[in-house]
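>
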Amino acid sequence: MIAIIDYGMGNLYSVEKALAKLGAKAQVTSEPEIVTAADKVVLPGVGAFGDCMENLKAYHMIDAIHEVVAKGTPFLSICLGLQVLFEGSEEDPEVKGLGLFPGMVRKIQAPALKIPHMGWNSISFAGKSPLFENIPQESYVYFVHSFHAVPEDASLITAVADYGGSVTAAVGRDNIQAVQFHPEKSGSIGLAMLANFKEMKL
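If you read the sequence shown in the working numbering, its first letter stands for residue -6, the second for the next number, and so on.
Have a look at this one:
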């Protein structure tokens, strides 16, 4: 079973619907015990970094996330879910992230372009990720964000987009895979990525 973490924020049911379309058994849950018992876990997110961390704490999900990651459960973070994997964000500088990856989340620097970065953009693969198995280079996916992750270790970056410069589109290591874009809103390419996650084994 794939647990989709419900902490009062995020695009939960569109993710569940996309996974159901692929024949996956997925459950939206706010119960930490269900999350820690799941075969795979998804952390979606839209909104502000500080609100997300506050809600994860209120729903007792922070320890649950650390537990599933530590035991090697395949873990997919989407959009704001990617950002909170890092140590902190310029959006809410006083709030600590989950700290699963070293680095910070920074505002996109693209003075000539509209912020947020919203709409379809192509991605270039920068490293190997099980999510991108059999996905063509320069595939178009759907973004909505004003901030992006800047990992201390550049080898964490698995895909980038060009938006006034290089913007982190995906990161990953071992069982933790994360995308800044919304696969559930990215048509057949996004569904193919979710199908890869559904089949992901370690």
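Glycine included, C-beta positions come from ideal geometry on N, C-alpha and C.
These numbers were taken from a predicted model, which means no experiment stands behind them.
Just to confirm, is the Cβ distance from F68 to V34 under 8 Å?
If you number the sequence shown from 1, residue 68 lands on position 75. If you number the sequence shown from 1, residue 34 lands on position 41. Their beta carbons are under 8 Å apart, which means F68 touches V34 by this criterion.
> Distance check for A147 and S117, CA to CA, integer angstroms please.
Here residue 117 is taken as the residue at index 124 of the sequence shown, counted from 1. Here residue 147 is taken as the residue at index 154 of the sequence shown, counted from 1. S117 and A147 have their alpha carbons spaced roughly 15 Å apart.
> Starting from K107, follow its DSSP beta bridges and name the residues at the other end.
Taking the first residue of the sequence shown as position 1, residue 107 is located at position 114. Bridge partners of K107: none, in fact.
> Excluding the 5 residues preceding and the 5 following L93 in the sequence, name in chain order all residues of the same chain whose CB lies nearer than 7 Å to its CB.
Taking the sequence shown and counting its residues from 1, the one referred to as residue 93 is at position 100. Within the same chain, L93 has close Cβ partners V62, L78 and I169.
> Tell me the rounded alpha-carbon separation between M97 and W113.
As a working mapping, residue 97 is identified with position 104 in the sequence shown. As a working mapping, residue 113 is identified with position 120 in the sequence shown. Going from the Cα of M97 to the Cα of W113 covers about 24 Å.
> Does the ligand NAD have a heavy atom nearer than 7 Å to the CB of V21?
Ligands in the displayed structure: none, and consequently the ligand NAD is not present.
> Please classify E126 as buried or exposed, where buried requires at least 16 other C-beta atoms within 10 Å of its C-beta.
Locating residue 126 in the sequence shown gives position 133, counting from the first residue. Residue environment analysis places E126 among the exposed positions, since fewer than 16 neighbouring C-beta atoms fall within 10 angstroms of its C-beta.
> Could you pull the DSSP bridge partners for Q170 from this structure?
Walking along the sequence shown from the start, residue 170 turns up at place 177. Answer is L69 and G165, bridged to Q170.
> The alpha helix (DSSP H) spanning V28 covers which residue range?
Counting from one through the sequence shown, the residue named residue 28 turns up at place 35. V28 -> alpha helix (DSSP H) spans P25 to A30.
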